[in-house]
């Protein structure tokens, strides 16, 4: 059994999520990542029936997501657990690498994590002589792109390691051509990109007066994290381009009303400045709003996780997709609560 994941065995669920680290062993991605674990509320000595592995946006700082993940955990069946993962170098408590990782290397590290969790839970199930756990991947923004890439790498016709994927405000194609991609192009490239981590200490006296979420303030005061975040963002602009429409169709239209495959939540209309022509194309591959795999949200920003009410609404949709295997076509487009979003909520996490 993999000692790195021994924390998954908890006879009694603690009142709050616990923070752990996972040492990646993948060549090119040997470094620690920060994890947060919400065990199954039922506790017990058997593995959870289902574990949801959550991949954040960029910055991959888990402190952006407690309202969302806490509410999601409260809505899930008592035998379901949540494991949230940061990215290598995207933590204020776990040291990052000397050289920032590429998008591909970050994906490699997630493949290792998912396969390790699957193997650990399978061994636990054999030991207890019970059913194997299912895995659902949930990804936000670039985390949605990574979730899809991980699914491509680990799922095969004869073996499905990941049973379902739920993508939230996903950035899946041609991200550099989106409105935000155009507007923020200078900070992802030279000469500005290498200067931003150096400027961070000079902003310290000003940041406390800025109307920013606490996590954003902490992030802006950490030059090493800024370096890793910008490196990943720059790589996203270069790598996230053409869509694999055949694969997306295989995870949607080809599966019909199955609880397997892919489900997605998007902002309605032009409400997400990180999503361009990729949105409608992938939605069609999943069967559109009538197919039970697509939900459209009005008045909910890309960074839904920055407000309590938006987090709760998205958590309700994820819980329904995980527990019920999809959504009804009724209310295919939902209006979000009139919750004032903080500054930058349509930009970060991206």
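In my numbering, the protein residues as written are 291 to 640. Just so it is clear, CB atoms sit at the ideal spot from N, CA and C, and this is done for glycine as well.
Backbone CA spacing between residue i and residue j [nearest angstrom]
{"i": "residue 338", "j": "residue 295", "result": "14 angstroms"}
{"i": "residue 309", "j": "residue 546", "result": "38 angstroms"}
{"i": "residue 460", "j": "residue 386", "result": "26 angstroms"}
{"i": "residue 353", "j": "residue 416", "result": "35 angstroms"}
{"i": "residue 609", "j": "residue 492", "result": "43 angstroms"}
{"i": "residue 611", "j": "residue 426", "result": "10 angstroms"}
{"i": "residue 429", "j": "residue 562", "result": "16 angstroms"}
{"i": "residue 405", "j": "residue 509", "result": "30 angstroms"}
{"i": "residue 526", "j": "residue 373", "result": "24 angstroms"}
{"i": "residue 346", "j": "residue 571", "result": "23 angstroms"}
{"i": "residue 422", "j": "residue 533", "result": "33 angstroms"}
{"i": "residue 548", "j": "residue 626", "result": "27 angstroms"}
{"i": "residue 644", "j": "residue 506", "result": "Here the chain comprises residues numbered 291 to 640, so residue 644 is not present and cannot be evaluated."}
{"i": "residue 297", "j": "residue 407", "result": "11 angstroms"}
{"i": "residue 568", "j": "residue 305", "result": "40 angstroms"}
{"i": "residue 409", "j": "residue 350", "result": "25 angstroms"}
{"i": "residue 498", "j": "residue 489", "result": "16 angstroms"}
{"i": "residue 451", "j": "residue 341", "result": "12 angstroms"}
{"i": "residue 327", "j": "residue 333", "result": "13 angstroms"}
{"i": "residue 495", "j": "residue 544", "result": "55 angstroms"}
{"i": "residue 448", "j": "residue 414", "result": "22 angstroms"}
{"i": "residue 640", "j": "residue 401", "result": "21 angstroms"}
{"i": "residue 379", "j": "residue 344", "result": "17 angstroms"}
{"i": "residue 317", "j": "residue 515", "result": "22 angstroms"}
{"i": "residue 445", "j": "residue 456", "result": "15 angstroms"}
{"i": "residue 583", "j": "residue 434", "result": "15 angstroms"}
Endpoints, the alpha helix (DSSP H) within which residue i is located
{"i": "residue 599", "result": "598 to 614"}
{"i": "residue 505", "result": "504 to 510"}
{"i": "residue 497", "result": "494 to 497"}
{"i": "residue 581", "result": "Neither: residue 581 is in no alpha helix (DSSP H) and is coded neither H nor E."}
{"i": "residue 688", "result": "No information on residue 688 is available, as it lies outside the stretch 291 to 640 that the chain covers here."}
{"i": "residue 384", "result": "That residue, residue 384, is in no alpha helix (DSSP H); it is neither H nor E in DSSP."}
{"i": "residue 572", "result": "568 to 575"}
Extent of the continuous beta strand (DSSP E) to which residue i belongs
{"i": "residue 586", "result": "584 to 588"}
{"i": "residue 520", "result": "Run containing residue 520: none in the beta strand (DSSP E); it sits in the alpha helix (DSSP H), 513 to 529."}
{"i": "residue 624", "result": "623 to 625"}
Selected residue, minimal CA-CA separation from residue i, among the options
{"i": "residue 368", "options": "627, 639, 436 and 613", "result": "613"}
{"i": "residue 371", "options": "302, 570 and 520", "result": "302"}
{"i": "residue 528", "options": "482, 462 and 381", "result": "462"}
{"i": "residue 315", "options": "399, 380 and 304", "result": "399"}
{"i": "residue 523", "options": "566, 557 and 476", "result": "476"}
{"i": "residue 502", "options": "593, 532, 413 and 567", "result": "593"}
{"i": "residue 589", "options": "497, 558, 595 and 583", "result": "558"}
{"i": "residue 596", "options": "355, 329, 347 and 465", "result": "355"}
{"i": "residue 395", "options": "535, 436 and 414", "result": "436"}
{"i": "residue 442", "options": "537, 549 and 433", "result": "537"}
{"i": "residue 331", "options": "322, 348, 366 and 577", "result": "366"}
{"i": "residue 336", "options": "299, 601, 409 and 343", "result": "299"}
{"i": "residue 412", "options": "601, 424, 402 and 487", "result": "424"}
{"i": "residue 392", "options": "377, 556 and 444", "result": "377"}
{"i": "residue 519", "options": "292, 470 and 432", "result": "432"}
{"i": "residue 539", "options": "438, 414 and 556", "result": "438"}
{"i": "residue 632", "options": "616, 618, 579 and 591", "result": "591"}
{"i": "residue 358", "options": "602, 607, 293 and 582", "result": "602"}
{"i": "residue 465", "options": "454, 456, 615 and 478", "result": "478"}
{"i": "residue 360", "options": "307, 556 and 512", "result": "307"}
{"i": "residue 483", "options": "384, 541 and 513", "result": "513"}
{"i": "residue 236", "options": "470, 454 and 453", "result": "With the chain covering only 291 through 640, there is no way to say anything about residue 236."}
{"i": "residue 638", "options": "555, 624 and 564", "result": "564"}
{"i": "residue 375", "options": "500, 323 and 554", "result": "323"}
{"i": "residue 388", "options": "579, 454 and 321", "result": "321"}
{"i": "residue 319", "options": "403, 383, 453 and 291", "result": "403"}
{"i": "residue 650", "options": "577, 467 and 615", "result": "Nothing about residue 650 can be reported from this structure: the residues present for the chain run from 291 to 640 only."}
{"i": "residue 541", "options": "624, 576 and 617", "result": "576"}
Cβ-based burial, residue i [other Cβ within 10 Å; buried from 16]
{"i": "residue 390", "result": "buried"}
{"i": "residue 397", "result": "buried"}
{"i": "residue 473", "result": "exposed"}
{"i": "residue 604", "result": "buried"}
{"i": "residue 363", "result": "buried"}
{"i": "residue 552", "result": "buried"}
{"i": "residue 420", "result": "exposed"}
{"i": "residue 573", "result": "buried"}
{"i": "residue 485", "result": "exposed"}
{"i": "residue 480", "result": "exposed"}
{"i": "residue 642", "result": "Only positions 291 to 640 of the chain appear in this structure, which leaves residue 642 out of reach."}
- Uninterrupted beta strand (DSSP E) stretches inside the segment 395 to 476 (no shorter than 3 residues): Entirely contained in the segment 395 to 476, the beta strand (DSSP E) runs reaching 3 residues are, in chain order, 424 to 430 and 454 to 458.
- Item | 3 or more residues per run - each beta strand (DSSP E) lying fully within the segment 532 to 559 | Within the segment 532 to 559, the runs of beta strand (DSSP E) that reach at least 3 residues and sit entirely inside it are, in chain order, 551 to 557.
- Entirely within the segment 301 to 377 and at least 3 residues each: give me those beta strand (DSSP E) ranges in chain order. You should have 308 to 313, 322 to 328, 340 to 345 and 370 to 375.
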